[in-house]
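Visitor:
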Amino acid sequence: MNQLRTWFLAPARLLTFGFFLAPLAIVVLYSFLTRGTYGGQGAPFTLENYTRLADPLYLEILVKSFWIAILSTAICLVMGFPLALFIARSGPQWRGTWINLVMLPFWTNFLVRTYAWMFLLRDTGLINTAFQGLGLISQPLPLLYNDGAVILGLVYGYLPFMVLPIFSTLERQDPFLLEAAADLGATPWQTLWRVTVPMAKPGILAGSVLVFIPCLGAYLTPDLMGGGKSIMIGNVVQQQFTSSRDWPFGAALSLVLTALVMVLLWFIMRRGGKELI
Amino acid sequence: MNHVLEVRAVSKSFGANHAVRDVSLNVERGELFALLGPSGCGKTTVLRMIAGFETPDRGDVLLDGKQIAQLKPYERNVSTVFQNYALFPHLTARQNIEFGLRHKGNAIGDLAARTQKVLELVQMLGKEERFPARLSGGEKQRIALARSLAIEPDLLLLDEPLSALDPKLRKRVRGELKDLQRRVGITFIIVTHDQEEAMAMADRVALMNKGILEQMGTPEAIYLRPKTRFVASFLGSVNWRGEYGVRPEVVRISPTAPRNGARSHRAQIHSSLFLGNCFHVEARLEDGTALTAEIPRQDQTYLPGENVHVWWHPDDEIHLPAAS
Amino acid sequence: MKNRWLAAYAAFAYLFLHVPLLVLTVFSFNASRFTHWEGFSLKWYAVLLEDHRLIEAALNSILIAVAATALATVIGTIAAYGIWKRSAPVLEGSLYTGLVTPEIVTGVSLLALFQGLFHYFNFRLGLHTVILAHVTFSIAYVVIVIQARLKTMDKSLEEAAMDLGATEFGAFRKVTLPVLMPGVIAAALLAFTISFDDYVITSLVSGVDTETLPMVIYTMARKGVSPAVNAMSALIVIGVGALIVAAEKLQQQHT
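Protein chains in written order, with the numbering used here: chain A, 16 to 292; chain D, 8 to 331; chain C, 735 to 989.
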């Protein structure tokens with residue numbers, strides 16, 4: 016058996032080592048090198064790429080990225096929980112359909128989804144055109160290319176990740192518990208806050224992690240919907256590796272971003288325990 | 008030498024847990040052998056070593072005199088009927104049976120005929136095109152049996168064959184299994200934790216406890232002449248009285264002392280329960296010890312508080328030191 | 735009373751989820767190139783058919799997604815099976831780390847690796863590097879889906895198969911794999927979507943000559959809205975929808 020298992024694990028081991036761990040190791044190496052005059056990187060070894068992160072410019076971007084990710088996660092939670100509750104309380108024969116309807120946008124292309132919002136929000140987009148046509152406004156409203164648009168894009172992109180885990184914990188809840196709570200004189204609101212929400216905690220935690228992590232590392236949404244005005248860490252990383260050609264600094268930034276995600280995850284796993292999985 | 012299977016001094020540990028320690032047993036050709044013991048006693052591990060799902064750390068497993076301890080399950084002509092039957096859910100009953108024939112059976116040519124034969128044997132003709140999900144528990148067991156019998160193994164292993172069935176069905180299937188075993192003439196080894204089941208079905212029983220083989224023999228032999236207190240108590244209740252014990256069914260109760268050479272004690276009835284086929288009586292002896300008796304329905308009924316004599320024949324005593 | 739509020743909210747949420755894509759699709763049939771409705775027309779679809787860049791990108795995307803899905807599904811399925819037999823902490827740890835590493839970081843690190851290889855060997859970026867990248871990051875998703883399915887799998891099924899004469903590989907192929915099939919289909923579907931969807935990593939490792947559909951849409955979206963992109967997007971929405979319906983049908987047959 017062991018032989019078959021070894022063969023079965025070999026390709027996955029080879030690929031994750033060669034194309035995930037090894038590249039990450041190279042990035043670690045680069046983060047301690049000095050940028051060459053024409054791009055590229057070499058000796059001497061330095062910690063400068065990390066100390067540069069203390070620059071208020073980058074600190075500000077870091078704080079803003081966190082702020083946008085937290086806000087997006089919170090909005091996803093507020094929007095996702097009642098939706099998950101609705102699906103969990105609908106008849107079993109309908110649940111599959113409702114869930115599929117949540118997942119449908121997720122299955123279609125992320126870029127198409129982002130593009131769809133740009134189509135609606137831009138100065139010559141549907142909303143502005145319609146409002147102008149109705150005479151409600153004379154100048155187009157600045158709906159796109161700001162933090163709000165970025166948050167909207169992130170919420171739209173990751174809402175399904177919040178709904179699914181919350182739904183699966185709610186679905187497993189015993190309906191008799193709700194009856195028991197009502198029996199004991201709890202109003203529907205009290206039942207919701209004292210029974211339903213606490214029991215859905217593992218799902219809420221899992222959903223929040225699933226939304227927060229991609230939001231913090233987001234690149235595409237701020238790039239397109241923030242229009243370069245609203246940038247997050249992901250965009251800075253990308254810039255260092257492309258236009259700025261400062262790979263060592265980009266490498267240091269990447270690692271800091273990854274480390275932040277890992278530390279956060281480790282913290283949540285330790286507190287939330289096995290509930291997450 | 009008519010042993011189809013010999014297990015010699017086999018041991019198996021899982022980490023710090025010594026699941027099986029130095030177990031030796033032999034199974035004769037054509038018999039129905041039961042491996043009996045409480046859960047966690049190692050009987051299933053022994054079965055799994057015979058089937059090839061586990062490899063013993065030490066010791067030999069001989070099938071027809073040939074060492075098979077290190078062979079893979081597919082290299083030994085032994086077949087297992089799993090506790091949950093383990094029917095392949097994506098195959099029909101017929102395809103389940105053919106699975107083994109295609110791999111292990113050496114008669115691909117008469118595949119259909121052999122499938123037909125075993126289906127007939129387990130009385131499942133007409134249901135062979137069903138998927139396992141559409142079979143009842145009893146039917147699943149029959150298909151699992153047919154699947155194993157089809158490859159004509161030297162040895163058929165049954166892991167708790169009755170435990171997944173509902174209690175009413177169990178007694179009937181017990182008889183059917185025994186009957187089937189006689190007809191096909193294949194050696195069966197049954198693992199069970201139910202001593203009644205083992206005694207009712209098996210020609211011989213091996214009783215295990217905490218990884219050790221306690222005793223092996225015919226049901227009568229181990230019931231009447233247990234070698235340890237564990238064996239005696241596991242097979243039925245015993246009133247232990249110092250160096251010896253008496254089973255409740257050999258205890259008699261009468262208003263006056265018996266005249267024959269019986270061992271007799273004065274006692275007072277504590278409680279008496281009617282169980283249908285007998286009375287279950289708790290009596291308190293003069294020395295303060297309690298004694299349980301199962302007395303036939305025909306005997307006189309006794310009321311709590313009544314003063315009586317309890318007695319038994321010294322031949323019925325089980326003499327075993329308390330230390331064992 | 736409360737349930738009615740909940741239903742009203744759900745209606746709003748579903749509108750939020752679906753209206754943008756619906757509007758996009760509707761306006762792909764607009765005769766005007768502006769956001770005023772001027773009547774039904776298929777002209778933007780005709781424009782699409784003439785656009786060789788878009789067609790090539792679409793073909794690239796499909797080729798990459800099919801190749802990456804096939805490889806990742808096979809590799810991920812057997813890896814999940816291997817892990818199920820006995821845990822492989824290092825591999826599992828790496829896979830999970832890969833899942834939570836920001837895409838942009840995975841992308842730039844692969845870029846760093848490929849540039850390094852480019853330096854020392856005659857190694858170029860192109861379709862093959864994109865496929866390699868996609869296979870690598872899809873494996874983790876496949877493993878998770880298959881693991882979920884394996885959790886409910888009865889270990890004695892494989893023992894029964896070997897008991898009846900199948901070898902280890904035979905037991906896997908004839909019993910475990912068929913039982914896992916719905917999970918394998920779901921995993922393949924996920925891998926396909928993720929590959930077809932990816933822009934961030936793809937744009938970094940594709941080199942200058944290879945363009946995928948998301949890359950073309952990205953460039954066009956930056957330049958400004960074009961009804962042709964609307965039409966392309968509508969086609970993707972419909973195509974992916976059809977794929978999911980087909981996969982669902984296939985899965986129903988298997989269960």
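In this text, a Cβ means the ideal position worked out from N, Cα and C, and glycines have one as well.
Short of 7 Å in beta carbon distance, which residues of its chain neighbour GLN77 of chain D, apart from the five on each side in sequence? Order them along the chain.
Guide: Working through the second sequence from its first residue, we reach residue 77 of chain D at position 70. If we look at GLN77 of chain D and ignore the five residues flanking it on each side, its Cβ neighbours are THR62.
Visitor: Identify whether LEU258 of chain D lies in helix, strand or coil by the three-state DSSP scheme.
Guide: To locate residue 258 of chain D, count along the second sequence from 1; it is residue 251. The amino acid occupying residue 258 of chain D in the given sequence is Val; Leu does not appear at that position. If DSSP states are grouped into helix, strand and coil, VAL258 of chain D belongs with coil.
Visitor: Run the CB neighbour count on VAL909 of chain C, radius 10 Å, all protein chains shown included, and call it buried at 16 or more, exposed below.
Guide: Residue 909 of chain C sits at position 175 when you count from the first residue of the third sequence. That one is buried.
Visitor: In this structure, how does DSSP classify SER271 of chain D when only helix, strand and coil are distinguished?
Guide: Here residue 271 of chain D corresponds to residue number 264 of the second sequence, with the count starting at 1. Reduced to three states, the DSSP call for SER271 of chain D is strand.
Visitor: Let's test the definition: count the other Cβ atoms within 10 Å of the Cβ of ARG883 of chain C and tell me whether it reaches 16, buried, or not, exposed.
Guide: Position 149 of the third sequence, counted from the start, is the residue given in the question as residue 883 of chain C. ARG883 of chain C is buried by the Cβ-count criterion.
Visitor: For the region 29-47 of chain A, list every residue whose C-beta sits within 7 Å of some C-beta in chain C, in sequence order.
Guide: LEU30, THR31, PHE34, PHE35, LEU36, ALA37, PRO38, LEU39, ILE41, VAL42, TYR45
Visitor: So, is HIS770 of chain C buried or exposed, given that buried needs 16 or more other C-beta atoms within 10 angstroms?
Guide: Translated into positions along the third sequence, residue 770 of chain C becomes position 36. Label assigned to HIS770 of chain C: exposed.
Visitor: Comparing the C-beta of LYS819 of chain C with each C-beta of chain A, is any distance below 9 Å?
Guide: Numbered from 1 along the third sequence, position 85 holds the residue referred to as residue 819 of chain C. At least one chain A Cβ lies under 9 Å of LYS819 of chain C.
Visitor: By Cβ distance below 7 Å, which residues in the same chain neighbour GLU892 of chain C in space, the five residues on each side in sequence not counted?
Guide: Here residue 892 of chain C refers to the residue found at position 158 of the third sequence. Correct list, in chain order: ALA905, VAL909, THR910.
Visitor: Indicate the three-state DSSP secondary structure (helix, strand or coil) for ARG286 of chain A in the structure shown.
Guide: Against the first sequence, residue 286 of chain A aligns to sequence position 271. Helix.
Visitor: If I'm right that TYR680 of chain C touches LEU924 of chain C with Cβ under 8 Å, what's the distance once you round it to whole angstroms?
Guide: Given that chain C is displayed from residue 735 to residue 989, the structure contains no residue 680 of chain C and the question cannot be resolved.
Visitor: If you draw a straight line from the C-alpha of ARG304 of chain D to the C-alpha of VAL257 of chain D, how long is it?
Guide: One-based indexing of the second sequence puts residue 304 of chain D at position 297. One-based indexing of the second sequence puts residue 257 of chain D at position 250. Their backbone Cα atoms lie some 14 Å apart in a straight line.
Visitor: Relative to the C-alpha of PRO328 of chain D, which candidate in D:ASN246, D:TYR251, D:GLU313, D:LEU280 has its C-alpha closest?
Guide: As a working note, residue 328 of chain D is residue 321 in the second sequence. Among D:ASN246, D:TYR251, D:GLU313, D:LEU280, the Cα nearest to that of PRO328 of chain D is on D:TYR251.
Visitor: According to DSSP, which residues form a beta bridge with ARG375 of chain D?
Guide: As displayed, chain D neither begins before 8 nor continues past 331, which places residue 375 of chain D out of reach and without an answer.
Visitor: Pull the bridge partners of ARG65 of chain D from the DSSP assignment, please.
Guide: If you number the second sequence from 1, residue 65 of chain D lands on position 58. Partner(s): D:SER18.
Visitor: Does the CB of HIS326 of chain D have a neighbour CB from chain C at under 9 Å?
Guide: The sequence position of residue 326 of chain D within the second sequence is 319, counting from 1. Chain C contact via Cβ: absent.
Visitor: Tell me the DSSP secondary structure of ARG28 of chain D in three-state form.
Guide: Residue 28 of chain D sits at position 21 when you count from the first residue of the second sequence. Note: ARG28 of chain D maps to strand in three-state DSSP.
Visitor: So, for MET735 of chain C: in the same chain, excluding its five sequence neighbours on each side, which residues have a beta-carbon less than 6 Å away from its beta-carbon?
Guide: Against the third sequence, residue 735 of chain C aligns to sequence position 1. Because the pLDDT at MET735 of chain C is just 41, under 50, the model does not fix this residue reliably, and the value given afterwards should be weighed accordingly. Excluding residues within five positions, none has a Cβ falling inside 6 Å.
Visitor: Can you name the residues of chain A whose CB is closer than 8 Å to the CB of ASN737 of chain C?
Guide: Along the third sequence, read from residue 1 onward, the residue named residue 737 of chain C stands at position 3. Within 8 Å Cβ-Cβ: ARG104.
Visitor: I want to know whether the region 168-185 of chain A touches the region 214-221 of chain A - three or more CB-CB distances under 8 Å.
Guide: yes
Visitor: Mind checking SER331 of chain D: buried by the 16 CB within 10 Å criterion, or exposed?
Guide: For the purposes of this step, residue 331 of chain D is taken as residue 324 along the second sequence, with counting starting at 1. Because SER331 of chain D sits at a pLDDT of 49, beneath the cut-off of 50, its placement in the model cannot be relied upon, and the following sentence gives the value as read from the coordinates. Exposed: under 16 other Cβ atoms inside 10 Å.
Visitor: Can you tell me whether GLN255 of chain A is buried or exposed, with buried defined as 16 or more other CB within 10 angstroms of its CB?
Guide: By one-based count along the first sequence, residue 255 of chain A stands at place 240. Flag for GLN255 of chain A reads buried.
Visitor: Does the beta-carbon of GLN253 of chain A have 16 or more other beta-carbons within 10 angstroms, so that it is buried, or is it exposed?
Guide: Within the first sequence, the letter at position 238 stands for residue 253 of chain A. Classified as buried, GLN253 of chain A has 16 or more neighbouring CB atoms from the shown chains inside 10 Å of its CB.
Visitor: Any idea what DSSP makes of ASP162 of chain A, helix, strand or coil?
Guide: The residue given as residue 162 of chain A occupies position 147 in the first sequence. Here ASP162 of chain A sits in helix by DSSP.
Visitor: If you reduce the DSSP assignment to three classes, tell me which class ARG266 of chain D lands in.
Guide: Reading the second sequence from its first residue, position 259 is the one you call residue 266 of chain D. Assignment of ARG266 of chain D by DSSP, reduced to helix, strand and coil, places it in the coil class.
Visitor: Which residues in chain C sit within 9 Å of LYS79 of chain D, going by Cβ to Cβ distance?
Guide: For the purposes of this step, residue 79 of chain D is taken as residue 72 along the second sequence, with counting starting at 1. When 9 Å is used as the limit between beta carbons, LYS79 of chain D is near these residues of chain C: MET896, THR901, GLU902, in chain order.
Visitor: Would ASN124 of chain A be called buried (16 or more neighbouring beta carbons within 10 Å of its own) or exposed?
Guide: Taking the first sequence and counting its residues from 1, the one referred to as residue 124 of chain A is at position 109. Looking at its Cβ environment, which holds 16 or more other Cβ atoms inside 10 Å, ASN124 of chain A is buried.
Visitor: Compute the Euclidean distance between the alpha carbons of PHE768 of chain C and TYR160 of chain A, then round it to the nearest angstrom.
Guide: Position 34 of the third sequence, counted from the start, is the residue given in the question as residue 768 of chain C. Position 145 of the first sequence, counted from the start, is the residue given in the question as residue 160 of chain A. When rounded, the distance between both Cα atoms is 20 Å.
Visitor: To which residues of the same chain is GLU289 of chain D closer than 7 Å at the C-beta, ignoring the five residues directly before and after it?
Guide: As a first step, residue 289 of chain D is located in the second sequence; it is residue number 282 there, counting from the start. Once the five neighbours on either side are set aside, the close Cβ partners of GLU289 of chain D are HIS277, SER278, ALA297, THR299.
Visitor: Which chain A residues are close to TYR952 of chain C, counting only those with a beta carbon under 7 Å from its beta carbon?
Guide: Locating residue 952 of chain C in the third sequence gives position 218, where the first residue counts as 1. Neighbours of TYR952 of chain C on chain A, chain order: LEU126.
Visitor: Identify every residue that forms a DSSP beta bridge with ARG820 of chain C.
Guide: Taking the first residue of the third sequence as position 1, residue 820 of chain C is located at position 86. DSSP lists no partner for ARG820 of chain C.
Visitor: Determine whether the Cβ of ARG15 of chain D lies closer than 9 Å to any Cβ atom of chain C.
Guide: Against the second sequence, residue 15 of chain D aligns to sequence position 8. So, not an interface residue.
Visitor: Fully enclosed by the region 89-138 of chain D, which beta strand (DSSP E) runs are 3 residues long or longer?
Guide: As far as the region 89-138 of chain D is concerned, it has no whole beta strand (DSSP E) run of at least 3 residues.
Visitor: Along the chain, where does the alpha helix (DSSP H) containing ASN64 of chain A start, and where does it finish?
Guide: Against the first sequence, residue 64 of chain A aligns to sequence position 49. Its alpha helix (DSSP H) spans residues 63-66.
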